[in-house]
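Residue numbers (UniProt numbering): 1 to 212.
Encoded structure:
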């Protein structure tokens, strides 16, 4: 395991620990569950090992849980009932489609690139909706609004995921070692941004005086 991954794990655990101090907020409580699932997933992958392709099955299930929790987090900031209903329905539809593709069409031994691409597209759409739905309670800067940072974190991460995962399966077929190194570096960088901004968003729940 290289330094990129160690730094990613450190930020993931730090974000999880910090979120434990703000569990009175529903968004943070859901985020804490998501982070906990992420930690458990990474531990399982480390125990299974990444020499073969069997560890990919863990990510097939993780994608479903991840999309569900992120959509619920973003949904909490949407006031329009119609959009909230659509987001709720999308969770059920995505779970069914993703699992069907994983175990019937794509196979669980393959990296769930298609699943993640669909997930990324949907989350990006919900992030854009969330951006337009943010209404600060005061005249404070938008950079002091916690939902803004949570939304921005997911938006940047999944925008990067679309780019990375679009080529990963193709690279994996031609050069497994380079493909995994390429994925590890770019995925780690996007994870750094994700958790830094999530930490910023969580801390912003404490006080609206925090800003850039």
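All residues carry an ideal CB built from backbone N, CA and C; glycine is no exception.
For residue 84, the CB contacts under 6 Å within the same chain, skipping 5 residues up- and downstream, are 75 and 78 in chain order. Within the stretch 64-117, no beta strand (DSSP E) run of at least 3 residues lies entirely inside it. Residue range 26-48 is occupied by the alpha helix (DSSP H) that includes residue 41. The beta carbons of residue 153 and residue 201 sit about 6 Å from each other, so the pair counts as a contact at 8 Å. Its Cα nearest to that of residue 69, the residue 90 stands out among 58, 90, 56 and 57.
Ranked by Cα distance from residue 61, the first of 92, 25, 87 and 98 is 98.
As the crow flies, the alpha-carbon of residue 112 is around 27 Å from that of residue 149. The distance from the Cβ of residue 11 to that of residue 156 is about 14 Å, inconsistent with a contact at the 8 Å cut-off.
Cβ contact annotation for residue 16 (same chain, cutoff 7 Å, sequence separation greater than five): 32, 35, 36 and 39, in chain order. In the three-state scheme derived from DSSP, where H, G and I count as helix and E and B as strand, residue 144 is classed as helix. Inter-residue distance for residue 41 and residue 81 is about 33 Å (C-alpha atoms, whole angstroms).
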